[in-house]
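Heads up, the thing below is written out as structure tokens.
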Ligand code: SF4
Ligand code: SF4
Ligand code: FES
Ligand code: FES
């Protein structure tokens, strides 16, 4: 243990302390920061964490390594001045309509300005009138509020490995934008919202549907039912000053009823349903030699990621819809009769910890006759706002019961909300199926934890079950790559996009401290224990639903309602490039040079096709294009000739096709 | 006889981009020199080509866009080989520089919005003062300053450039059928 001095006090530190900032914070001094996040790399751009080090002058604490015997001062007149000055400059340079900003109260800029006692801005306010990007259902970007700290850029790159947004231009024109300044909905973003979670201001925020939901609630014709995800119950309290991880399902039910929802259900009920289908699917794949490993499919950002980057592995994704998706499908087909209402008057609202769920609800597979199965997706944050709008004193509510049957869940359906939870819930059923006898020990401690990648081997009957639990897409990429290249073999892999799983979702009350996640996870495991039942297969209302409505587990009706399929997806909306333009052409040829086809050698094919066309003097008759993705990646390289798309092509077979088709048209 | 035009230049350029990527080993560390060479082919960086470069180098298109916008010498809009600047500052304006602008637009089939010719030969830029008011109206083509111009002399100037270009290039790139 070494020591250094902070504001006259001796402070100990070890080699684990990454930087001076963390040492200072351990000494209970909350240095203000914008660009520092313990989960991300150090950037050192905001200069708020400046401290004075004896003999060295001013330094940014986040970029300084702690050294023995340093004498550090954090609170000199000069430092106070500089910090205030920095904040005033930011307030003057960017648009900050705090009273109407949805980030208000969770905004770091606002918070720090208050803490530092900034009461007036001495500079003239600049003008900034950049267009707002609301192309995405998940997020809204308001570049006028951006202070260029780069936190979002690093979150997207370092947590998710995507890099959908980055700095562009330079100097006074620097902005953070998606590729080519397009809207977020038109680029490779997977809607996870982690960028909005770390943004210290309101420059990227979840897109709100509160007003639309109020409108439905005010309509007496409508029966508005609501279901909320496991993760919501351990985080909503934070918005009302309660400690993270406080388990509050009954209080939520009470608040929802007061707000005016007609039926209060629980997404954990359909999480139980998901387990029935998914564990059955897993055992089926193992016993019948199906595609392995099986990946979980409840996280829409992960699903979109796979569709964009690993289309050839889509058969590995479980075909199960997410618990939210299953809820919507079952609710829309079962509830009208059950509640004796006209189907068109049923409105399904869901409260999720997640921004990507807003986009999932819009997927055409999850809509019936153009109407989404889940009509509106609110985040935990939006729900907190609605509670406040209603004037409800949430912290003083007494718990109330849920409505049956969809309000009844087991512990397995509740732990779904954290990393390792879906795996554990599935094991509680799958192991019983394989071993043919009830489980003696319900808790699979091996799969719990917060490591980004966890690998576990379990002996189940005669099978050595190999599983992995992953969170963060950057970690997921590593696991998928290992599987693809044969370095790792698994049976079952759980992937959640957000750090810590859904409890760390971007729709949750904003947090900057990793410890909050740990508390939320603890909360879910204790909620598991508090429930009467822990295994999905024991849920009596699930059993009844199968008996009276769905039929067999994994059967025909279950498949129709509860399962889905996936598509290859272009990463960026971009038309192909014209390579050989030819107005009066007879035949158009288009070669895919998207990543997947590229990996399978399409560039070489394209070059040879062009050479062939030239050498045969066909330039007058054909037109050639290069396409970024024909959404046919698993069967690449893809080439279209005339109106037909050819899969798994080689140069030789295309040439034959071109000649044959040319002969037909030139005749 | 048909008026079909086959433009092989796009094909050549694309083949060249593939070669550039290959020469740099598809290594994203070489992004700047790759973009530089690509720009030499196209005279600017088209979006679709940047996307193609991104996917070939396994980096995000946002990163390529970031680099392309950061360096002043990368152009994101097509620019002609000859950049014609016409001054419409007060001094030139009163000496009817607007007529020169209109004559160029008509002659090269350009509009206010579309200021570069399809064959990427000319770009017309209207500037507010070239600091040569004594010589008004002034036209600048790339580095060369042409003082006291009028519509007729400007068109003549452009035609000379076109003639020079045609003579030099032959019909390598364009085949009229
Ligand atoms: S939502 Fe996720 S994928 Fe999209 S830009 Fe933000 S961090 Fe990146
Ligand atoms: S959008 Fe937010 S997180 Fe990103 S650079 Fe701007 S202020 Fe920082
Ligand atoms: S936190 Fe250290 S410079 Fe931003
Ligand atoms: S990369 Fe998707 S079809 Fe070629």
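Protein chains in written order, with the numbering used here: chain A, 26 to 692; chain B, 907 to 1083.
Ideal placement from N, C-alpha and C gives every residue a C-beta, glycine not left out.
All of these numbers come straight from a predicted model, not from anything done at the bench.
Residue 651 of chain A bridges to which residues according to DSSP?
A:602 and A:616
Return no unless some Cβ of chain A is closer than 8 Å to the Cβ of residue 926 of chain B.
no
Opening and closing residue of the alpha helix (DSSP H) in which residue 998 of chain B lies
The continuous alpha helix (DSSP H) containing residue 998 of chain B extends over residues 996–1000.
Using 7 Å as the cut-off, classify the Cβ of residue 190 of chain A as near or not near the heavy atoms of ligand 1, replying yes or no.
yes
Name, going along the chain, the residues of the stretch 673–686 of chain A whose beta-carbon falls closer than 7 Å to a beta-carbon of chain B.
none
Pull up the distance between the alpha-carbon of residue 1115 of chain B and that of residue 672 of chain A, whole angstroms please.
This structure gives no information on residue 1115 of chain B, because the portion of chain B shown stretches from 907 to 1083.
Could you give the distance in angstroms between the alpha-carbon of residue 95 of chain A and the alpha-carbon of residue 537 of chain A?
28 Å
Chain-ordered residues of the stretch 173–196 of chain A with a beta carbon less than 9 Å from chain B
178, 181, 182, 187, 188, 189, 190, 191, 192, 193, 194 and 195
Straight-line Cα distance separating residue 958 of chain B from residue 621 of chain A
12 Å
Beta-carbon separation of residue 272 of chain A and residue 552 of chain A under 8 Å?
yes
Inter-residue Cα distance where the pair is residue 1042 of chain B and residue 1057 of chain B:
13 Å
Whose Cβ in chain B lies nearer than 7 Å to the Cβ of residue 628 of chain A?
924
Mind checking the stretch 948–963 of chain B against chain A and listing, in chain order, the residues whose C-beta falls within less than 9 Å of any C-beta there?
For the stretch 948–963 of chain B, which is checked against every Cβ of chain A, the residues closer than 9 Å are 952, 953, 954, 955, 956, 957, 958, 960, 961 and 962.
The beta strand (DSSP E) that contains residue 298 of chain A, what's its start and end?
From DSSP, residue 298 of chain A is part of no beta strand (DSSP E) but of the alpha helix (DSSP H) over 292–312.
Say whether the stretch 1031–1046 of chain B touches the stretch 995–1006 of chain B, bearing in mind that this needs 3 or more beta-carbon pairs closer than 8 Å, one atom from each stretch.
yes
Taking Cβ positions, are residue 394 of chain A and residue 373 of chain A nearer each other than 8 Å?
no
Taking Cβ-Cβ distances below 8 Å as the criterion, which residues of the stretch 205–216 of chain A are in contact with chain B?
205, 206, 212 and 213
Where residue 645 of chain A sits in the DSSP three-state scheme
coil
Using a Cβ cut-off of 8 Å (strictly closer), state whether residue 522 of chain A contacts chain B.
With 8 Å as the cut-off, residue 522 of chain A does not count as an interface residue toward chain B.
Does chain B have any CB closer than 8 Å to the CB of residue 606 of chain A?
So, interface residue.
From the DSSP output, in three-state form, read off residue 1077 of chain B for me.
The predicted position of residue 1077 of chain B is uncertain, since its pLDDT is 45 and thus under 50; a value taken from the coordinates is nonetheless stated next. The answer is coil: DSSP assigns residue 1077 of chain B none of H, G, I, E or B.
Within 9 Å of chain B by C-beta, residues of the stretch 641–653 of chain A in sequence order
644, 645, 649, 651 and 653
Are any of the Cβ atoms in chain B nearer than 8 Å to that of residue 666 of chain A?
no
May I ask whether a heavy atom of ligand 1 can be found less than 7 Å away from the beta carbon of residue 236 of chain A?
no
To the nearest angstrom, how far is it from the Cα of residue 215 of chain A to the Cα of residue 381 of chain A?
7 Å
Going by DSSP, what residue range makes up the alpha helix (DSSP H) through residue 422 of chain A?
Looking at the DSSP string, residue 422 of chain A is not in any alpha helix (DSSP H), and its letter there is neither H nor E.
Given 7 Å as the limit, tell me if residue 216 of chain A has its C-beta closer than that to any heavy atom belonging to ligand 1.
yes
Going by DSSP, name the residue or residues bridged to residue 277 of chain A.
Looking at the DSSP assignment, residue 277 of chain A forms no beta bridge with any residue, so it has no partner.
How is the alpha helix (DSSP H) around residue 383 of chain A delimited, first residue to last?
Its alpha helix (DSSP H) spans residues 381–385.
Any non-hydrogen atom of ligand 1 within 7 Å of residue 171 of chain A CB
no
Would you say residue 324 of chain A touches ligand 1, meaning its beta carbon is less than 7 Å from a heavy atom?
Flag unset: Cβ of residue 324 of chain A not near ligand 1.
When a residue counts only if its C-beta is closer than 6 Å to some heavy atom of ligand 3, which residues count, in chain order?
A:58, A:59, A:60, A:61, A:69, A:70, A:71, A:72, A:73, A:74, A:85 and A:87
Cβ of residue 917 of chain B less than 8 Å from any chain A Cβ?
yes
In the DSSP assignment, what are the bridge partners of residue 252 of chain A?
According to the DSSP secondary-structure assignment, residue 252 of chain A is paired through a beta bridge with A:290 and A:375.
If you count every other CB in all the chains shown that lies within 10 Å of the CB of residue 979 of chain B, and 16 or more means buried, which is it?
exposed
Would you report the Cα separation of residue 908 of chain B and residue 948 of chain B, rounded to the nearest angstrom?
Unreliable positioning characterises residue 908 of chain B in this predicted model, as indicated by a pLDDT of 35, which lies under 50. The coordinate reading is nonetheless provided below. Answer to the nearest angstrom: the Cα atoms are 28 Å apart.
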